[in-house]
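Start counting at 1 in the sequence shown, then tack on 41, and there's your number in our numbering. Backbone N, C-alpha and C fix where the C-beta goes; we use that ideal spot for every residue, glycine too. None of these values were measured; they are calculated from a predicted model. Data first, discussion second: the structure below is written as C-alpha cells.
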Amino acid sequence: MAKPLSQPTKEKIDLKVLFSRFYLTITAVLIAVILASGGYFFLWPKYQEVRANSSRVYEALLKEEAKRADYEKTLKDLIAGYKKINKQEINKLKILLPAGKDFSGLFAQLQGLAEENNFLLSGLTISELPDAAAAAAEQKKPASSAVKKLSISVNLMGGKTTGYENLKSFLSSLEQNLRLFDVEAVYFTPQSSKYSLTLLTYYLPE
C-alpha cells in the first residue's frame, strides 16, 4: 500500500501562505532595489556633474577674491603714494605745467638762463601755437586735449668770450629747467655772437 504524500503538499501550502502574507514587503524590497539600481546608474552621473560644476564655481570665486585683493592693495598703494606728495613737489608740478600762459614767468626764467650762460636776452616773442602747428607737434609731447602750447622765439646776444660751448650750456639748462621746454630750431652763423632759437612750452588753460 502506497504512503500518503501529505508533507510536500503542506510545504507548498506554507510557501503560498508565506508569499501571500509578505507580498507587500517583498514587492517593496524589489521596488527599493530597482530604484537604488536606477539611482546609481542614472542619478550618480548627475551628482558627479553637479559636484564638478560646484568645484569650478568655487575656483572662480577664489580667483575673483584674489583679483579683488590685488585691486585693494593697488588702491592702497596709490593712496599712500598720493599722501607722500608734499607741497614742494606739488609746486614743482605747477611750474612744470602751469595753469595759464604765465608770460612774466617765462620771461623771468629765460632771462635768468641766458644770464647764467653769459648771454643777453635781446629779444623774446611768445605766441599761441596755431592748431595746424599743434597737430604737427602732437607726437613730440604727451597728447592731451587740455594741454595748450606756446611758441617762443628767443634771440641771444653773446659777448667776446661767448661761443658755441655757451650755447650748448644754454640748451642743457633748458632741458634741466623745471618748466618744460622743447627746442624746435636753433639758428646761428659761425663767427657771430647772435643766436636765435624757437622753443615750445606747455600750459593748462585756466
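message = Extract the residue ranges of the alpha helix (DSSP H) inside the stretch 188-220, only unbroken runs of 4 or more that lie entirely within it.
response = 205-217
ask   = Taking the alpha-carbon positions, what's the Thr242 to Ser213 distance?
value = 16 Å
message = Nearest by alpha-carbon distance to Leu238: which of Gly164, Leu103, Glu113 and Tyr244 is it?
response = Gly164
inquiry  = For Gly164, report the span of its alpha helix (DSSP H) as first-last.
reply    = No alpha helix (DSSP H) contains Gly164, which is instead part of the beta strand (DSSP E) from Phe160 to Glu169.
request  = Compute the distance between the beta-carbons of Ile167 and Leu147, then report whether it is under 8 Å.
outcome  = yes
Other residues of its chain near Gln129: CB distance less than 8 Å, five sequence neighbours each side excluded = none
ask   = When the Cα atoms are used, what is the spatial distance from Gln150 to Lys117?
value = 38 Å
ask   = Buried or exposed: Ala110, going by 16 or more other Cβ atoms within 10 Å of its Cβ?
value = exposed
ask   = What whole-angstrom Cβ distance do Phe160 and Phe211 have, given they're in contact under 8 Å?
value = 6 Å
ask   = Which partner residues of Val227 appear in the DSSP bridge assignment?
value = Leu238
key: When Asn218, Leu162 and Tyr112 are compared against Val195, the one with the closest alpha-carbon   = Leu162
request  = Since I believe Leu215 is in contact with Val224 (beta carbons under 8 Å), could you give me their beta-carbon distance rounded to a whole number of angstroms?
outcome  = 6 Å
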